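Working notes for the structure below.
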Amino acid sequence: MEAEIWVTVAGLAVASFGLRLAGVIFVSRLPQSGPLARGLDALPGCLMVSLVMVMMMKGGLIEWFVGICVLFSAGITRNATVSMFLGVGLIALLRHFSGGI
Amino acid sequence: MFQKNAENISEFLYGARDMLPMTIGAAIYGMAFGLLAIQAGFSFDQSVSMSALIFGGSSQLIALDRLSVGAGSFAAIVAGIALNTRFLLVTAAMKNSLIGRPWWQTALGAALATDASVALMQTSKRRQLEHSFWYFFGGGFSLYIVWILVTAIGAILGGQIPNPAAFGLDFAIIAVFIAAIPGLWRGMTDFLPWTVSGITVALIAFLAPEYTSWGLILGAVSGAAFAGVRNGS
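Those sequence lines, one after another, are chains A and B.
Per this note's numbering, the first sequence runs over residues 378 to 478.
Per this note's numbering, the second sequence runs over residues 3 to 235.
As structure tokens, this is what we get:
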């Protein structure tokens with residue numbers, strides 16, 4: 378497995394950097410206005426919503442409840458650190474009392 | 003010249019500071035990776051190299067998983083690429099801070115781009131630093147250093163860490179990304195594109211759970227495409 382690990386590390390490292398660079402090269406050739414530009418402006422939010430959705434799809438009722446609490450907390454306080462600790466604390470507490478993990 | 007340098011340093015430090023919540027979240031995740039890598043038979047050098055060269059937690063974990071079930075390097079690389087395709091979108095989303103720069107800044111900025119960089123956009127807007135290379139470099143670089151350090155710590159600690167889920171620590175990284183969402187909201191114009199993204203991900207997760215990691219890409223692209231083509235935008 379020794380060689381396999383190094384091959385994987387090297388292969389995935391090159392591919393990951395290639396993908397990161399390709400994004401910049403791709404976007405620099407697109408027009409700065411029109412439908413493509415509007416789509417790109419909307420991309421950060423859509424990407425973050427999709428990422429969170431993928432992560433939350435594995436969660437149960439507790440995770441969804443706490444996730445919504447974190448969203449409200451961040452919307453009101455605009456403080457990501459406070460909202461994160463609130464989420465971690467709430468989830469530990471609810472899992473403890475629900476007899477979960 | 004001196005004033006420009008001082009400005010760059012202060013933007014760098016703002017980036018590192020604003021990245022802190024994501025750094026804390028990723029630190030827990032990175033430590034878990036180091037721990038799992040050692041348990042899967044990786045050496046210390048291999049675990050740390052993986053974090054230093056790939057810098058993408060979920061792809062590192064899936065490659066680790068593929069290797070430990072004996073699927074081979076090729077399968078491990080392909081699975082990792084499937085997850086990291088989103089980096090295409092991440093650097094595309096970061097266009098303002100990466101395009102029209104000296105080549106080394108574009109390359110370095112792209113190498114340090116992660117999901118957390120997208121989360122950093124909300125604070126960059128507030129500070130009016132959306133176009134600052136140094137702001138995003140500060141955030142990415144601080145996250146990168148911590149990512150390598152915590153992987154090393156996880157690898158050294160080996161099996162001594164108790165179940166992190168019992169303390170809610172597995173939720174930390176999800177919570178910081180959720181917390182980034184309100185800052186990315188540009189008003190009601192985002193409502194439908196975001197709904198399209200969310201529904202696409204949910205549909206793929208229900209109908210084809212084995213392709214959930216592709217769901218992320220499809221979700222992001224379909225929401226952005228909707229925003230691009232709809233009338234009256």
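Beta carbons are placed, not taken as given, at the ideal position from N, Cα and C, and that holds for glycine.
Predicted, not measured: the structure shown is a model, and the values here were computed from it.
For chain A, check one thing: does any of its Cβ atoms lie closer than 8 Å to the Cβ of residue i?
i                     : result
residue 154 (chain B) : no
residue 92 (chain B)  : yes
residue 86 (chain B)  : yes
residue 33 (chain B)  : no
residue 210 (chain B) : no
residue 83 (chain B)  : yes
residue 135 (chain B) : no
residue 235 (chain B) : Residue confidence for residue 235 (chain B) is low, a pLDDT of 47 falling below 50, so the modelled location carries little weight and cannot support an answer.
residue 2 (chain B)   : For residue 2 (chain B) there is no data in the structure shown, the boundaries of chain B being 3 and 235.
residue 1 (chain B)   : In this structure chain B extends from 3 to 235, so residue 1 (chain B) is not present and cannot be described.
residue 97 (chain B)  : yes
residue 78 (chain B)  : yes
residue 225 (chain B) : yes
residue 75 (chain B)  : yes
Short check: CB of residue i to CB of residue j, under 8 Å?
i                     : j                     : result
residue 407 (chain A) : residue 226 (chain B) : no
residue 60 (chain B)  : residue 150 (chain B) : no
residue 184 (chain B) : residue 229 (chain B) : no
residue 206 (chain B) : residue 433 (chain A) : no
residue 55 (chain B)  : residue 35 (chain B)  : no
residue 142 (chain B) : residue 182 (chain B) : no
residue 428 (chain A) : residue 192 (chain B) : no
residue 186 (chain B) : residue 422 (chain A) : yes
residue 65 (chain B)  : residue 385 (chain A) : yes
residue 146 (chain B) : residue 89 (chain B)  : no
residue 33 (chain B)  : residue 152 (chain B) : yes
residue 49 (chain B)  : residue 388 (chain A) : no
residue 174 (chain B) : residue 43 (chain B)  : no
residue 190 (chain B) : residue 121 (chain B) : no
With 8 Å as the threshold, decide whether the Cβ of residue i is near any Cβ in chain B.
i                     : result
residue 421 (chain A) : yes
residue 441 (chain A) : no
residue 427 (chain A) : yes
residue 476 (chain A) : no
residue 437 (chain A) : no
residue 389 (chain A) : yes
Report the residues of the segment 175 to 194 of chain B with a CB closer than 9 Å to any CB of chain A, ordered along the chain. 175, 176, 177, 178, 179, 180, 181, 182, 183, 184, 185, 186, 187, 188, 191 and 192
May I ask you to list, following chain order, the residues of the segment 395 to 425 of chain A that have a beta carbon less than 7 Å from some beta carbon of chain B? 396, 397, 398, 399, 400, 401, 403, 404, 405, 412, 413, 415, 416, 417, 419, 420, 421, 422, 423, 424 and 425
Evaluate contact between the segment 91 to 101 of chain B and the segment 143 to 157 of chain B, counting only Cβ atoms and requiring at least three cross-stretch pairs below 8 Å. no
If the cut-off is 7 Å on Cβ atoms, which residues from the segment 40 to 55 of chain B count as contacting chain A, listed in chain order? For the segment 40 to 55 of chain B, which is checked against every Cβ of chain A, the residues closer than 7 Å are 43, 44, 48, 51, 52 and 55.
Just checking, does the segment 102 to 109 of chain B make contact with the segment 450 to 460 of chain A on the three C-beta pairs under 8 Å criterion? no
Could you please tell me which residues of the segment 14 to 34 of chain B, in chain order, have their CB closer than 8 Å to any CB of chain A? Within the segment 14 to 34 of chain B, the residues whose Cβ lies closer than 8 Å to some Cβ of chain A are 22, 23, 24, 26 and 27, listed in chain order.
Taking 8 Å as the threshold, find out whether the segment 117 to 137 of chain B comes into contact with the segment 8 to 17 of chain B through three or more Cβ pairs. yes
For the segment 111 to 128 of chain B, list every residue whose C-beta sits within 7 Å of some C-beta in chain A, in sequence order. 112, 113, 115, 117, 120, 121 and 123
Of the residues that make up the segment 58 to 70 of chain B, which ones have a beta carbon closer than 7 Å to any beta carbon in chain A? 58, 61, 65 and 69
Against chain A: residues of the segment 196 to 207 of chain B by CB proximity under 7 Å: 196, 199, 200, 203, 204 and 207
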